[in-house]
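Numbering (the working numbering), first residue to last: 13 to 297.
Rendered as structure tokens:
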């Protein structure tokens, strides 16, 4: 590779690879605003002290249902949970609670702190499950892009070490969408690393592909067929490293790095259906 900086900048610049990305973001915002107007939701619940530590919870119509937690992407430095409310309705109709989490964006927060914030968000949801009629034994985390990385970190988390009131299997399943699992290349991508400021010593502790999965929680992976070779490599990597618990790697030949989120939200799409299958496979507490 002659110029790793140029190569990885091109591989990771998903917006440049999707010419109509501005239209997609506008559609998501419009659809998400409609969801918040038309669905009962508990918005901006505080799971921590900082302004970024907020989540939205859309409750299921039945008590004691599983919880699907969605972590948004945006290279850990952009977008907001409110941009992704559109993912909730299909899962609500299927009988599941849906939560969407925020975090303090880089560079205000380091990637270490962003990861700790997501640990706090999942711990808060577990501890408050009874109050919101959620089955604490059926929490599944899903995430896209940077959120895929954070979701994988939740699957690798040693929860009892984080807090002694938390069970090792707090997260019972995962859905990893176009995520980043080996952060080594990001050191070369100044397009991203200008805000993340990752150095060699950060890579191991923040790369889930270099960690064992903490429990036997099943998980689903997916990457769009129209995505870059590096995103495809990252997807194959986590599926290989954690192969013993890989429930499905969903083929999405006509999706790109953004429209994979539309697939995740669409009942009848193979990715949506695989997520529902995972949620339904978990035994009630």
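We treat Cβ as the ideally placed atom computed from N, Cα and C, and that holds for glycine.
Whole-angstrom distance between residue j and residue i, CA atom to CA atom
i: residue 238; j: residue 262; result: 14 Å
i: residue 32; j: residue 249; result: 29 Å
i: residue 123; j: residue 292; result: 32 Å
i: residue 282; j: residue 259; result: 13 Å
i: residue 30; j: residue 172; result: 41 Å
i: residue 319; j: residue 158; result: Look at the range of the chain in this structure, 13 to 297, and you will see that residue 319 is not part of it.
i: residue 125; j: residue 15; result: 31 Å
i: residue 106; j: residue 18; result: 44 Å
i: residue 137; j: residue 80; result: 11 Å
i: residue 104; j: residue 294; result: 17 Å
i: residue 205; j: residue 115; result: 18 Å
i: residue 85; j: residue 229; result: 22 Å
i: residue 235; j: residue 175; result: 33 Å
i: residue 83; j: residue 280; result: 22 Å
i: residue 178; j: residue 241; result: 38 Å
i: residue 92; j: residue 39; result: 14 Å
i: residue 168; j: residue 65; result: 21 Å
i: residue 155; j: residue 273; result: 9 Å
i: residue 117; j: residue 76; result: 32 Å
i: residue 257; j: residue 251; result: 9 Å
i: residue 46; j: residue 215; result: 39 Å
i: residue 43; j: residue 212; result: 40 Å
i: residue 267; j: residue 219; result: 25 Å
i: residue 166; j: residue 63; result: 21 Å
i: residue 34; j: residue 207; result: 22 Å
i: residue 129; j: residue 20; result: 27 Å
Of the listed residues the options, nearest to residue i (C-alpha basis)
i: residue 221; options: 169, 231, 194; result: 194
i: residue 94; options: 286, 72, 68; result: 68
i: residue 269; options: 36, 286, 129, 75; result: 36
i: residue 127; options: 217, 209, 213, 254; result: 217
i: residue 61; options: 247, 133, 211, 169; result: 133
i: residue 246; options: 197, 265, 46, 272; result: 197
i: residue 223; options: 271, 290, 75, 254; result: 254
i: residue 121; options: 96, 135, 139, 90; result: 90
i: residue 41; options: 288, 162, 96; result: 96
Inter-residue CB distance, residue i and residue j (contact presumed, cutoff 8 Å)
i: residue 8; j: residue 131; result: The question about residue 8 has no answer here: the residues shown for the chain are numbered 13 through 297.
i: residue 191; j: residue 164; result: 6 Å
i: residue 286; j: residue 232; result: 5 Å
i: residue 284; j: residue 275; result: 7 Å
i: residue 264; j: residue 187; result: With 8 Å as the limit, residue 264 and residue 187 do not qualify as a contact, their Cβ atoms being about 13 Å apart.
i: residue 119; j: residue 244; result: Wrong, their Cβ atoms sit about 28 Å apart, outside the cutoff.
Any non-hydrogen atom of the ligand GDP closer than 7 Å to residue i Cβ
i: residue 58; result: The ligand GDP is not among the ligands present in this structure, which contains no ligands whatsoever.
Any contact of the stretch 141 to 160 with the stretch 177 to 188, i.e. 3+ C-beta pairs under 8 Å? yes
Given 8 Å as the limit, is there contact between the stretch 111 to 126 and the stretch 52 to 68, that is, 3 or more CB pairs closer than that? yes
Every unbroken alpha helix (DSSP H) inside the stretch 156 to 217 [4 residues or more]: Unbroken alpha helix (DSSP H) runs of no fewer than 4 residues, entirely contained in the stretch 156 to 217, are found at 158 to 168, 171 to 174, 202 to 208, following chain order.
Sequence ranges, beta strand (DSSP E) only - wholly within the stretch 224 to 256, length at least 3: 231 to 236
Quick check: the stretch 96 to 105 against the stretch 45 to 52, are at least 3 beta-carbon pairs closer than 8 Å? yes
Do the stretch 194 to 207 and the stretch 14 to 33 meet, that is, are 3 or more Cβ pairs less than 8 Å apart? yes
Which ranges would you report for the beta strand (DSSP E) in the stretch 86 to 157 if only whole runs of at least 3 residues count? 109 to 113, 146 to 156
Between the stretch 71 to 78 and the stretch 135 to 149, can you find at least three pairs of beta-carbon atoms closer than 8 Å? yes
Let me know the beta strand (DSSP E) ranges lying completely inside the stretch 31 to 77, each 3 residues or longer, listed in chain order. 54 to 58, 66 to 70
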